[in-house]
């Protein structure tokens with residue numbers, strides 16, 4: 015009697031599972047351990063057997079290495095929130111700055127510490143989430159809180175395990191890179207050669223066709239565990255071992271040293287030999303090895319205090335300065351941009367470089383049709399250092415007398431040149447409107463600079479308030495505006511009306527007002543009317559607001575056109591006061607001081623902070639006798655210990671969630 019068909023299929027799937035396990039194990043030994051136990055030919059034989067069984071059964075297992083070739087082209091990237099925010103690092107460009115970093119930290123603790131020293135890879139940062147041992151998602155860094163879901167692309171990378179031994183939920187962070195040897199091999203057969211390994215990696219990952227990613231043979235080097243369930247680490251070294259044990263590709267360069275001087279010795283050695291590496295690095299990362307000390311140090315608004323990136327000195331080169339064009343920004347300031355003879359610098363073709371102002375041009379003694387020294391500052395931003403050589407045909411750079419966009423006669427301050435045609439200069443109008451719509455301002459997706467330019471050219475947009483008068487009929491009459499696009503734009507415009515007061519202040523584009531200062535102003539003045547009446551004497555009492563910034567704020571509100579703009583925005587429902595003032599909820603946190611510590615799983619820290627502030631709490635970073643509550647997530651450390659010693663009420667994340675929902 016013949017065996018039932020479904021039983022035969024089950025046996026084949028079991029065979030596929032075993033083949034996938036064996037192939038993945040050999041891939042781990044080859045790529046991660048650099049200690050293969052079979053030949054390439056034997057590996058190919060196993061792979062072809064699995065491929066034949068998949069074709070026969072019509073089944074592709076989640077852990078199958080055949081996914082590395084790439085699947086169907088995607089329609090678009092989905093946004094995805096990281097389990098924990100992906101932090102950027104503070105930077106140092108000299109050993110003196112490293113020493114200053116250490117000195118700042120030592121004011122906060124007195125015991126000796128060890129440091130880990132690692133490469134700072136020059137690629138695309140991203141996070142991978144695994145649960146029950148299987149890869150669930152891969153996300154680009156994005157803004158640190160939310161990135162793009164690139165799981166299909168990352169599955170094509172040979173060094174990314176689709177399954178790992180650890181069964182709990184874990185988020186790991188790494189850098190997608192393209193090795194220089196792979197770049198060279200790719201370019202030998204490519205129709206359009208890739209110029210730079212970093213851009214090749216970023217473009218390979220952020221490509222809607224996973225087959226393109228697969229062709230670039232990218233690697234993902236892992237270096238951090240951002241979040242983990244059911245396990246804690248005491249050192250960075252333990253974290254590194256965990257990554258190795260779970261088949262992740264990690265750098266072979268990882269050193270733990272007992273002093274910063276030892277770290278600086280390693281940095282010097284790497285700096286001399288980095289050009290011999292098969293991948294790009296733009297610096298070194300120094301971290302305090304002990305996790306408990308890290309928790310004591312905490313972080314600033316932007317960076318963790320316990321880690322820093324040492325940036326290698328940028329490479330310099332010379333090229334011809336062919337011209338200078340003047341760009342007009344949202345405040346009317348004219349900024350000179352140098353047009354250069356295209357030159358390759360660290361694998362990137364540089365054609366332009368920003369100059370600060372006309373005084374900067376004079377200080378560097380720059381001339382048209384002269385040769386200048388150029389470098390990529392921090393290996394990213396092109397910067398002209400000064401003159402290299404002048405020629406008989408070199409000529410002076412002329413200071414502009416009129417706005418290059420609207421033709422208005424310019425005005426000068428001590429160092430800058432401005433177009434005074436604030437109300438009618440197209441460049442200023444478009445720049446202001448573009449700033450208003452950015453993510454950190456009113457976050458109106460769909461209104462890009464290109465779209466805003468088209469709307470302005472069609473006489474639909476001149477002011478912020480005009481955005482809120484746009485009608486479907488007006489937009490549909492424009493080329494390229496289909497029904498769905500129009501609905502999305504109008505929906506985003508409507509959503510922007512509820513942006514909090516701090517974002518509205520930042521969106522106005524007042525000179526010198528960044529995101530943090532906007533938040534400080536919102537917390538101090540509570541509504542736009544109060545802010546508009548603030549004096550210079552009042553404003554300079556706020557931390558980090560200088561006399562110059564205070565003058566800029568007062569000057570902004572002194573213009574009748576700006577006051578009219580704000581009144582019009584208010585008429586269209588834009589939020590002109592701190593929301594907590596009118597919607598603050600009374601709770602156990604009202605009037606209390608709260609500290610957050612550990613890893614939160616259901617909310618990000620900014621979200622919890624906003625919830626607490628909306629309940630009338632003040633959120634601080636350090637535990638003291640004045641602290642009323644500590645909300646402790648996973649892996650809470652010294653702050654939790656101190657709270658217990660002081661008898662402060664400690665809430666778990668679950669207890670916090672229950673308290674705000676009741």
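Numbering (this note's numbering), first residue to last: 15 to 676. For every residue, glycine included, the Cβ atom is placed at its ideal position computed from N, Cα and C.
What span of residues does the beta strand (DSSP E) with residue i cover, start to end?
i           : result
residue 335 : 330-342
residue 233 : 233-242
residue 526 : Where residue 526 is concerned, there is no enclosing beta strand (DSSP E), given that its DSSP letter is neither H nor E.
residue 301 : 295-302
residue 645 : 643-646
residue 373 : Not the beta strand (DSSP E): residue 373 falls in the alpha helix (DSSP H), residues 372-377.
residue 665 : 663-666
residue 365 : 362-368
residue 246 : Where residue 246 is concerned, there is no enclosing beta strand (DSSP E), given that its DSSP letter is neither H nor E.
residue 268 : 268-271
residue 611 : 607-611
Please work out which residues of its chain come closer than 7 Å, Cβ to Cβ, to residue i, disregarding the five sequence neighbours upstream and downstream, and give them in chain order.
i           : result
residue 27  : 71, 73
residue 254 : 264, 268
residue 245 : 182
residue 167 : 219, 221, 224, 227
residue 605 : 630
residue 402 : 332, 385, 386, 387
residue 748 : Because the chain is modelled from 15 through 676, residue 748 falls outside the range shown and cannot be assessed.
residue 21  : none
residue 495 : 489
residue 414 : 340, 348, 424, 431
residue 134 : 295, 296, 297, 298, 299, 323
Please look up how many angstroms separate the CB atoms of residue i and residue j, rounded, as I've assumed it's under 8 Å.
i           : j           : result
residue 298 : residue 131 : 6 Å
residue 211 : residue 236 : Their Cβ separation, rounded to whole angstroms, is 18 Å, which puts residue 211 and residue 236 out of contact at 8 Å.
residue 119 : residue 185 : Going by Cβ atoms, the distance from residue 119 to residue 185 rounds to 26 Å, so no, they are not a contact pair.
residue 136 : residue 296 : 4 Å
residue 609 : residue 641 : 5 Å
residue 592 : residue 478 : That belief does not hold up - the Cβ atoms of residue 592 and residue 478 are roughly 20 Å apart, past 8 Å.
residue 261 : residue 178 : 6 Å
residue 586 : residue 482 : 4 Å
residue 247 : residue 305 : 6 Å
residue 99  : residue 176 : Not quite, the Cβ-Cβ distance comes to about 26 Å (not below 8 Å), so this is no contact.
residue 234 : residue 190 : 5 Å
residue 53  : residue 64  : In fact, because the Cβ distance is near 17 Å, the residues do not count as touching under 8 Å.
residue 30  : residue 68  : 7 Å
Tell me which same chain residues have a C-beta within less than 6 Å of the C-beta of residue i, skipping the five on either side of it?
i           : result
residue 333 : 354, 355, 357, 388
residue 349 : 341
residue 347 : 430, 432
residue 420 : 435, 439
residue 169 : 81
residue 270 : 128, 130, 251, 303
residue 651 : 306, 309
residue 520 : 455, 529, 532
residue 582 : 479
Which residue marks the beginning of the alpha helix (DSSP H) containing residue i, and which one marks its end?
i           : result
residue 313 : Careful: residue 313 lies outside any alpha helix (DSSP H) and carries neither H nor E.
residue 486 : 486-490
residue 136 : Residue 136 -> no alpha helix (DSSP H), and no H or E assigned at all.
residue 321 : Segment 321-325 is the beta strand (DSSP E) holding residue 321; no alpha helix (DSSP H) there.
residue 255 : 250-259
residue 10  : Past the edges of the chain, shown from 15 to 676, lies residue 10, and the structure says nothing about it.
residue 358 : No alpha helix (DSSP H) contains residue 358, which is instead part of the beta strand (DSSP E) from 348-359.
residue 495 : Here residue 495 belongs to no alpha helix (DSSP H), and DSSP marks it neither H nor E.
residue 274 : 274-287
Keeping to the same chain, check which residues put their C-beta closer than 8 Å to that of residue i; ignore five residues upstream and five downstream.
i           : result
residue 288 : 295, 326
residue 444 : 463, 466, 467, 470
residue 577 : 546, 571
residue 595 : Here residue 595 scores only 49 on pLDDT, less than 50, and its place in the model is too uncertain to base an answer on.
residue 147 : 177, 178, 179, 180, 181
residue 33  : 60, 63, 64, 67
Is any beta-carbon of chain D found at less than 8 Å from that of residue i?
i           : result
residue 138 : In the structure shown, chain D does not exist; there is a single protein chain.
With three or more beta-carbon pairs closer than 8 Å as the criterion, would you say the region 107-127 touches the region 212-219? Counting Cβ pairs under 8 Å, fewer than three are found: no touch.
Unbroken alpha helix (DSSP H) runs of length 4 or more, entirely within the region 555-593: which are they? For the region 555-593, whole alpha helix (DSSP H) runs of length 4 or above, ordered along the chain, are 561-572, 574-585.
inquiry  = Suppose only complete runs of 3+ residues qualify. What are the beta strand (DSSP E) ranges in the region 62-124, listed by chain order?
reply    = DSSP runs (the beta strand (DSSP E)) wholly in the region 62-124: 93-95, 104-106.
Next on the checklist: Is it the case that the region 369-385 contacts the region 308-322, given that we only count it when at least three CB pairs across the two stretches are under 8 Å?
Outcome noted: Not touching, per the Cβ criterion.
Start-end ranges of the alpha helix (DSSP H) lying completely within the region 390-458, minimum 4 residues = Fully enclosed alpha helix (DSSP H) runs of 4 or longer: 440-451.
**Message:** List, from N- to C-terminal side, the beta strand (DSSP E) runs of 3 residues or more that fit wholly inside the region 151-234.
**Reply:** List check, beta strand (DSSP E) in window: 160-162, 184-191.
Q. Counting Cβ pairs closer than 8 Å, one from the region 196-203 and one from the region 139-157, do we hit at least three?
A. Under the three-pair Cβ rule at 8 Å, the region 196-203 does not count as touching the region 139-157.
Indicate whether the contact test is met: 3 or more Cβ pairs, each with one atom in the region 449-464 and one in the region 473-487, closer than 8 Å. Segments in contact, yes.
Practice problem: Evaluate the contact criterion for the region 398-415 versus the region 374-384: three or more CB pairs, one atom per stretch, below 8 Å. | Solution: Yes, they touch.
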